[in-house]
Amino acid sequence: MPIEKFIKIQSSAVPVDIENIDTDQIIPARFLKAIERKGFGNNLFRDWRYDKSNNIISSFPLNQVKYSGQILIGGKNFGSGSSREHAAWALYDYGFKVVVSSFFADIFKGNALNNGLLPVQVTSAELSEIFETIDADTQATFTVDLVHETFTIDNSEKVIDFEINPYKKECLLNGYDDIDYLLSLKKEIEIFESKERYG
Amino acid sequence: MSQPTTLFDKIWDGHTVKSIEYGPSVLYIDRHYIHEVTSPVAFLGLEKRGLNVANPQKTTATPDHNIPTQDQHLSIQDILSRNQVDMLMKNCKNHNIPLYGLNHKWQGIVHVIGPELGLTKPGMTIVCGDSHTSTHGAFGCVAFGIGTSEVEMVLGTQCIMQPKPKKMRIKIDGILSKGVTAKDIALYIISQISTSGGTGYFIEYAGSAIEGLTMEGRMTLCNMSIESGARGGLIAPDQTTFDYLSERQFSPKNKKWEDAITKWALLKTDEDASFDKEYLFHAQDIEPMITFGTNPGMGTGVTGHIPLTASLAEGERVTYEKSLQYMGFNDGDKLQGKSIDYVFVGSCTNGRIEDLREFAHFIKGKKKADNITAWIVPGSKQVEAQAQEEGLIAVMEAAGFKLRQPGCSACLAMNDDKIPAGKYAVSTSNRNFEGRQGPGARTLLASPLVAAACAISGKITDPREYLN
Numbered sequence: 001m002p003i004e005k006f007i008k009i010q011s012s013a014v015p016v017d018i019e020n021i022d023t024d025q026i027i028p029a030r031f032l033k034a035i036e037r038k039g040f041g042n043n044l045f046r047d048w049r050y051d052k053s054n055n056i057i058s059s060f061p062l063n064q065v066k067y068s069g070q071i072l073i074g075g076k077n078f079g080s081g082s083s084r085e086h087a088a089w090a091l092y093d094y095g096f097k098v099v100v101s102s103f104f105a106d107i108f109k110g111n112a113l114n115n116g117l118l119p120v121q122v123t124s125a126e127l128s129e130i131f132e133t134i135d136a137d138t139q140a141t142f143t144v145d146l147v148h149e150t151f152t153i154d155n156s157e158k159v160i161d162f163e164i165n166p167y168k169k170e171c172l173l174n175g176y177d178d179i180d181y182l183l184s185l186k187k188e189i190e191i192f193e194s195k196e197r198y199g
Numbered sequence: 200m201s202q203p204t205t206l207f208d209k210i211w212d213g214h215t216v217k218s219i220e221y222g223p224s225v226l227y228i229d230r231h232y233i234h235e236v237t238s239p240v241a242f243l244g245l246e247k248r249g250l251n252v253a254n255p256q257k258t259t260a261t262p263d264h265n266i267p268t269q270d271q272h273l274s275i276q277d278i279l280s281r282n283q284v285d286m287l288m289k290n291c292k293n294h295n296i297p298l299y300g301l302n303h304k305w306q307g308i309v310h311v312i313g314p315e316l317g318l319t320k321p322g323m324t325i326v327c328g329d330s331h332t333s334t335h336g337a338f339g340c341v342a343f344g345i346g347t348s349e350v351e352m353v354l355g356t357q358c359i360m361q362p363k364p365k366k367m368r369i370k371i372d373g374i375l376s377k378g379v380t381a382k383d384i385a386l387y388i389i390s391q392i393s394t395s396g397g398t399g400y401f402i403e404y405a406g407s408a409i410e411g412l413t414m415e416g417r418m419t420l421c422n423m424s425i426e427s428g429a430r431g432g433l434i435a436p437d438q439t440t441f442d443y444l445s446e447r448q449f450s451p452k453n454k455k456w457e458d459a460i461t462k463w464a465l466l467k468t469d470e471d472a473s474f475d476k477e478y479l480f481h482a483q484d485i486e487p488m489i490t491f492g493t494n495p496g497m498g499t500g501v502t503g504h505i506p507l508t509a510s511l512a513e514g515e516r517v518t519y520e521k522s523l524q525y526m527g528f529n530d531g532d533k534l535q536g537k538s539i540d541y542v543f544v545g546s547c548t549n550g551r552i553e554d555l556r557e558f559a560h561f562i563k564g565k566k567k568a569d570n571i572t573a574w575i576v577p578g579s580k581q582v583e584a585q586a587q588e589e590g591l592i593a594v595m596e597a598a599g600f601k602l603r604q605p606g607c608s609a610c611l612a613m614n615d616d617k618i619p620a621g622k623y624a625v626s627t628s629n630r631n632f633e634g635r636q637g638p639g640a641r642t643l644l645a646s647p648l649v650a651a652a653c654a655i656s657g658k659i660t661d662p663r664e665y666l667n
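Protein sequences appear in the order of chains A and B.
37 is the number that this note's numbering gives to position 37 of the first sequence; each next residue is one higher, with no gaps.
This note's numbering runs 199 ahead of the 1-based position in the second sequence.
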């Protein structure tokens with residue numbers, strides 16, 4: 001199905017300054033039993049948001065009213081581990097449109113892009129600066145401009161360039177998905193299929 | 200003369216239907232494995248688009264992630280799990296996809312049954328909505344895990360869009376010491392290059408220590424490639440590969456077999472081919488390994504100590520301390536001798552017949568420690584049957600262990616096999632993330648041999664103490 005278009009957003013951000021946030025933390029396996037794609041946001045970071053008796057863990061940033069917005073800022077190596085696309089679904093369903101980190105795991109990055117969730121990779125120095133900005137002003141806003149591939153810290157007007165594959169950029173700007181494109185290649189795939197190859 | 204190329208390039212380029220300038224490749228997929236958890240939404244997507252499965256015979260299904268490992272002949276008690284398994288059956292029936300369901304003699308963990316049925320063959324491109332699809336690289340395949348949108352793509356078109364990864368070669372030369380296995384190689388590599396060291400790369404494993412591994416060992420190693428961040432890892436096929444595949448259910452037969460091995464023998468990296476990154480490790484530097492933290496890179500030799508927080512870069516210390524706090528450990532602690540509660544042997548990493556053999560041979564004539572709850576879970580019905588035939592089940596029962604029924608089980612605790620909060624489990628699986636084996640569970644990853652030694656002594660133990 002077509003994904004939601006992404007062009008530009010301005011929003012405050014939620015900081016989760018932890019490295020190696022794996023997809024088991026983003027959405028624990030016991031919540032993967034649905035047969036439809038809905039409601040995953042309720043269980044986003046479940047075991048970091050709630051303790052075993054289902055009490056809210058007030059120190060976790062998602063539970064702190066001072067933090068809000070459509071941008072999640074995560075530590076280095078975000079989205080490692082399991083290939084579960086439910087991680088991207090849970091983030092998106094919760095209301096995030098952008099995840100910023102200094103390093104993303106490959107499968108997570110692909111899953112995010114396939115769902116209209118934009119991964120923005122910055123340097124570790126820039127990531128620290130973003131965390132510091134939110135530390136100083138929890139409602140600080142950021143502008144993410146996909147057309148120009150820029151992430152702006154609005155308070156300081158600092159502009160950070162980020163990169164995105166041109167094909168994926170086109171998809172996000174227009175709300176296209178890969179399957180539409182692959183279906184348009186039907187003939188070429190059939191010709192390829194009839195050729196001999198390894199395996 | 201053509202440019203020297205790597206094995207990875209040969210397979211990837213040979214399956215590229217089309218390359219988009221500055222964009223991903225359109226890659227043709229030879230085999231698609233599916234299971235109950237990551238496929239239902241993909242089938243729903245197909246239906247919404249009014250599409251059929253492009254190539255049902257190139258798709259193979261089995262339930263494994265959420266199924267119980269006891270009383271499989273009864274209806275699944277957990278309603279949500281049962282719904283997912285029923286949905287898989289319904290989707291496979293509607294789309295004519297071969298399914299090895301619960302109680303079928305070929306059912307099992309998807310990455311165990313593919314190779315043992317001979318469905319995985321050298322030179323193939325293989326995907327599955329599961330990150331441990333990298334396992335199949337052991338046969339000289341480009342095999343990697345995908346998300347559900349991509350499962351839908353492959354079901355609908357037999358193709359996937361993927362940016363081509365960079366190439367890494369990890370060579371391990373020399374001979375492994377006694378008590379050191381493929382799992383230890385995997386945990387050693389990740390402890391050296393970290394859980395993000397492989398991100399953006401596809402790994403080729405090479406060197407004499409790799410060539411000396413059995414197919415089961417190669418699968419364990421390639422399986423853990425994803426834990427270094429790499430999309431996959433592969434090993435050039437050789438006589439060991441051909442011997443394993445010979446006479447499997449779906450292996451080519453007679454003249455076709457002869458033709459196949461002639462073709463497969465060409466699958467290797469050219470002498471002067473270049474890689475984007477290379478590592479060389481020495482087999483004799485590798486000890487039996489165990490992890491102490493909450494990612495697979497936090498591992499050390501079983502005789503080692505937990506590294507001091509002060510020895511880490513300043514930026515890494517907060518995450519490191521959080522991890523040790525979760526595990527209930529202090530930096531500087533010696534691991535050997537720490538008491539544990541559970542032992543889990545199984546998963547797509549170490550649930551094959553060779554793993555059960557190693558475990559059984561080790562515990563033969565010994566007794567399970569009283570403080571240990573042990574879950575020994577075969578990777579498939581065929582592994583279970585072979586364990587019975589070889590007398591391994593009897594050996595285990597005499598030592599106080601019971602073999603459960605096949606499934607992913609406590610590796611990710613989607614079924615009832617959950618390690619209770621705060622308890623320590625030495626596990627032969629692949630991930631020690633917080634809560635991976637159940638909320639609050641504390642996982643220590645290790646080989647089946649280390650797990651066996653721990654199960655006998657009730658604490659973290661070096662298996663070499665028992666080996667002579």
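C-beta: ideal position from N, C-alpha, C; glycine also.
Residue 279 of chain B in three-state terms, based on DSSP: DSSP, reduced to helix, strand and coil, places residue 279 of chain B within a helical segment of the structure shown.
Assigned secondary structure, residue 656 of chain B (DSSP; H/G/I helix, E/B strand, else coil): Note: residue 656 of chain B maps to helix in three-state DSSP.
Is DSSP giving residue 49 of chain A helix, strand or coil here? Three-state DSSP puts residue 49 of chain A in a helix.
For residue 179 of chain A, the nearest candidate out of B/351, B/391, B/396, B/401 (CA to CA): Per the C-alpha coordinates, the member of B/351, B/391, B/396, B/401 positioned closest to residue 179 of chain A is B/351.
Alpha-carbon to alpha-carbon, residue 361 of chain B and residue 233 of chain B: If you take the alpha carbons of residue 233 of chain B and residue 361 of chain B, they lie about 19 Å apart.
Give a yes or no on whether the minimum CB-CB distance between residue 192 of chain A and chain B is below 8 Å. Chain B contact via Cβ: present.
Cα separation between residue 438 of chain B and residue 298 of chain B? Taking the straight line joining both Cα atoms gives about 30 Å.
Endpoints, the beta strand (DSSP E) within which residue 500 of chain B is located: From DSSP, the beta strand (DSSP E) with residue 500 of chain B extends over 498-500.
Contact residues within the segment 465-496 of chain B, judged by C-beta distance below 7 Å to chain A: Only 466, 494 from the segment 465-496 of chain B bring a Cβ to less than 7 Å from some Cβ of chain A.
Spatial neighbours of residue 451 of chain B in its chain, beta-carbon cut-off 6 Å, leaving aside the 5 residues before and after: Answer for residue 451 of chain B: 459, listed in chain order.
Going along chain B, which residues have a C-beta under 8 Å from residue 161 of chain A? Within chain B, no residue comes near residue 161 of chain A; the closest Cβ sits about 17 Å away, beyond 8 Å.
What is the C-beta distance between residue 338 of chain B and residue 431 of chain B, in whole angstroms, given that I count them as a contact (C-beta under 8 Å)? Wrong, their Cβ atoms sit about 12 Å apart, outside the cutoff.
Of all the CB atoms in chain A, is at least one closer than 8 Å to the CB of residue 369 of chain B? Judged by the 8 Å Cβ criterion, residue 369 of chain B is not in contact with chain A.
Is it buried or exposed for residue 202 of chain B, if we count other Cβ within 10 angstroms and need 16 for buried? Exposed, since its Cβ has fewer than 16 Cβ neighbours within 10 Å.
If I'm right that residue 586 of chain B touches residue 555 of chain B with Cβ under 8 Å, what's the distance once you round it to whole angstroms? Sure, about 5 Å apart at Cβ, within 8 Å.
Quick one: complete alpha helix (DSSP H) runs, 4+ long, within the segment 431-487 of chain B? As far as the segment 431-487 of chain B is concerned, its whole alpha helix (DSSP H) runs of at least 4 residues are 438-444, 453-463.
With 16 other Cβ atoms within 10 Å as the buried cut-off, status of residue 75 of chain A: Counting the other CB atoms within 10 Å of its CB gives residue 75 of chain A a total of 16 or more, which places it among the buried residues.
Pick from B/318, B/635, B/633, B/210 that is closest to residue 446 of chain B, judged by C-alpha positions: For residue 446 of chain B, the nearest C-alpha among the options comes from B/318.
Leaving aside the five residues before and after residue 386 of chain B along the sequence, list all residues of the same chain whose C-beta is less than 6 Å from its C-beta, in chain order. Only 488, 498 meet the Cβ criterion.
Taking only beta-carbon positions, decide if residue 291 of chain B is within less than 8 Å of chain A. Proximity of residue 291 of chain B to chain A, defined by a Cβ-Cβ separation below 8 Å, is not satisfied.
Whole angstroms is fine: what's the gap from residue 151 of chain A's alpha carbon to residue 592 of chain B's? In a straight line, the C-alpha of residue 151 of chain A is about 59 Å away from that of residue 592 of chain B.
Spatial neighbours of residue 237 of chain A in its chain, beta-carbon cut-off 7 Å, leaving aside the 5 residues before and after: Outside the displayed span of chain A (1 to 199) sits residue 237 of chain A, for which this structure offers no information.
How would you list, in chain order, the residues of chain A whose beta-carbon sits under 8 Å from the beta-carbon of residue 395 of chain B? 20, 76, 77, 80, 103, 105, listed in chain order.
For a cutoff of 8 Å on Cβ pairs, would you count residue 437 of chain B as touching chain A? Residue 437 of chain B does not count as touching chain A.
Buried or exposed: which applies to residue 125 of chain A, given that a residue is buried once 16 or more other Cβ atoms fall within 10 Å of its Cβ? Classification for residue 125 of chain A: exposed.
Going by beta-carbon coordinates alone, are residue 652 of chain B and residue 641 of chain B separated by less than 8 Å? Their beta carbons are not under 8 Å apart, which means residue 652 of chain B does not touch residue 641 of chain B by this criterion.
Based on the DSSP output, what are the partners of residue 61 of chain A in its beta bridges? In DSSP, residue 61 of chain A forms no bridge with anything.
Proximity winner among B/329, B/335, B/336, relative to residue 345 of chain B (alpha-carbon distances): The shortest Cα separation from residue 345 of chain B among B/329, B/335, B/336 belongs to B/329.
Residue range of the alpha helix (DSSP H) that residue 595 of chain B falls in? For residue 595 of chain B, the enclosing alpha helix (DSSP H) covers residues 591-597.
Residues of its chain near residue 481 of chain B, where Cβ-Cβ distance is below 8 Å and the 5 sequence neighbours each way are ignored: Within its own chain, the residues whose Cβ lies closer than 8 Å to the Cβ of residue 481 of chain B, once the five positions on either side in sequence are excluded, are 371, 372, 373, listed in chain order.
Using a Cβ cut-off of 9 Å, pull out every chain B residue sitting near residue 44 of chain A, in sequence order please. Those within 9 Å of residue 44 of chain A in chain B number zero; the least Cβ separation is about 14 Å.
Separation of residue 421 of chain B from residue 410 of chain B, as counted between CA atoms: When rounded, the distance between both Cα atoms is 13 Å.
For residue 226 of chain A and residue 281 of chain B, what's the separation of their Cα atoms in angstroms? Examination of residue 226 of chain A is not possible in this model, given that chain A is present from 1 through 199 alone.
Mind reading off the beta-carbon distance from residue 711 of chain B to residue 582 of chain B? Whole number of angstroms is fine, and I expect it under 8 Å. No statement about residue 711 of chain B is possible, as the shown extent of chain B runs from 200 to 667 and does not include it.
Just grab the DSSP bridge partners of residue 574 of chain B for me. Assignment of beta-bridge partners to residue 574 of chain B by DSSP yields B/543.
Do we get a CB-CB distance below 8 Å when we pair residue 365 of chain B with the residues of chain A? Judged by the 8 Å Cβ criterion, residue 365 of chain B is not in contact with chain A.
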